[in-house]
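**Q** First the structure, which I've put down as structure tokens, then a few questions once you've had a look.
Numbering (my numbering), first residue to last: 81 to 379.
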């Protein structure tokens, strides 16, 4: 027993001696054999240095995985609440963009029908109110869709409030009778409003080179040439109101421009296949339906 103990002690002494034995690391130039550097080392120092480097590398890897996007590439790591929140946020954004895209497509289709005079102004009275009421179905709304709807409504209210501070745009729903319109031109009406004949506006005669003015504050959403109506201007106003100015000789404003009431947007002309002489064809639309401009504007 004592002999075995002495043997173990001697082995431990030899190991400590080896670990503390001093070595010299010499760095020499390969061509001139000049000594560049010389370092005294022990195996214990080498082991301590290597262990320290390994621990530091391990700590850096753990930190990188825990606090950087690298954790997304680790199987089973980072699949908790943060990932679900991001997915729900992306889903709400996609739903919002889909609704905006659908609204823009519907808006563009309505504008296309207005420009081509392909508008159905008739009202279907054959169907009874009870049938119309029965066709309505209550669609359940999810919590995420309800939150998205509230966000969109708040955004629309904020945009309307911002516009109301700088223009005559009103965030309230104002009837046409309470809205003030500036006559686009002053002159004689040569063709009245006749929707049954696909004439959804009035034709106004005015002298050559007369400036055509915006009826209200608004944003120009259409400023281009069409085969039938020639140089045409379309302005979006408040309260779902749109005005069109057709057959102009020159367009003075581009799409996307904001104009004030009474500001010149075009010069009267005789362009387009539907025009038979110099005049302005003016249309007034509200909530997607044409209305008689003479009921609200004195030309």
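Idealized CB from N, CA, C, for every residue including glycine.
(1) I think residue 310 touches residue 328, with their Cβ atoms under 8 Å apart; what is that distance to the nearest whole Å?
(2) Near residue 332, what residues of its chain come up, given a Cβ to Cβ distance below 6 Å and the 5 sequence neighbours on each side ignored?
(3) Could you compute how far the alpha carbon of residue 124 sits from the alpha carbon of residue 99?
(4) Look up residue 363 in the DSSP assignment and say whether it is helix, strand or coil.
(5) Locate the alpha helix (DSSP H) running through residue 150, then write down its first and last residues.
(6) I need the straight-line Cα distance from residue 152 to residue 126, nearest angstrom please.
(7) With residue 294 and residue 349 assumed to form a contact (beta carbons below 8 Å), what rounded beta-carbon distance in angstroms separates them?
(8) Ends of the beta strand (DSSP E) at residue 262?
(9) What's the C-alpha gap between residue 363 and residue 164?
(10) Give the straight-line distance between the Cα atoms of residue 289 and residue 369, rounded to the nearest whole angstrom.
(11) When the Cα atoms are used, what is the spatial distance from residue 301 to residue 193?
(12) Quick check for students: name the residue ranges of the alpha helix (DSSP H) that lie wholly in the stretch 335–379, counting only runs of 4 or more.
(13) Taking the alpha-carbon positions, what's the residue 376 to residue 167 distance?
(14) Using the rule of at least 16 other Cβ atoms within 10 Å of the residue's Cβ for burial, across every protein chain shown, is residue 121 buried or exposed?
(15) Using the Cβ count rule (16 or more neighbours within 10 Å means buried), how would you classify residue 205?
(16) Quick check on residue 150: buried or exposed, where buried means 16 or more other Cβ atoms within 10 Å of its Cβ?
(17) Tell me which residues share the same chain as residue 96 and place their Cβ nearer than 6 Å to its Cβ, disregarding the 5 neighbours each side in the sequence.
(18) Have a look at residue 306 and residue 351 and give me their C-alpha separation to the nearest angstrom.
(19) By how many angstroms is the C-alpha of residue 133 removed from the C-alpha of residue 144?
**A** On the basis of the supplied data:
(1) 7 Å
(2) 344, 345 and 346
(3) When rounded, the distance between both Cα atoms is 5 Å.
(4) strand
(5) Residue 150 -> no alpha helix (DSSP H), and no H or E assigned at all.
(6) 36 Å
(7) Incorrect: roughly 17 Å between the Cβ atoms, too far for contact.
(8) Residue 262 -> no beta strand (DSSP E), and no H or E assigned at all.
(9) Linking residue 363 to residue 164 through their CA atoms gives a straight-line distance of about 51 Å.
(10) 30 Å
(11) 15 Å
(12) none
(13) 51 Å
(14) Its Cβ having fewer than 16 others within 10 Å, residue 121 is exposed.
(15) Because residue 205 carries a pLDDT of 42, less than 50, the predicted location of this residue cannot be relied on, and the following value inherits that uncertainty. When all chains shown are included, residue 205 counts as exposed.
(16) exposed
(17) none
(18) Within the model, the alpha-carbon separation for residue 306 versus residue 351 is close to 9 Å.
(19) 16 Å
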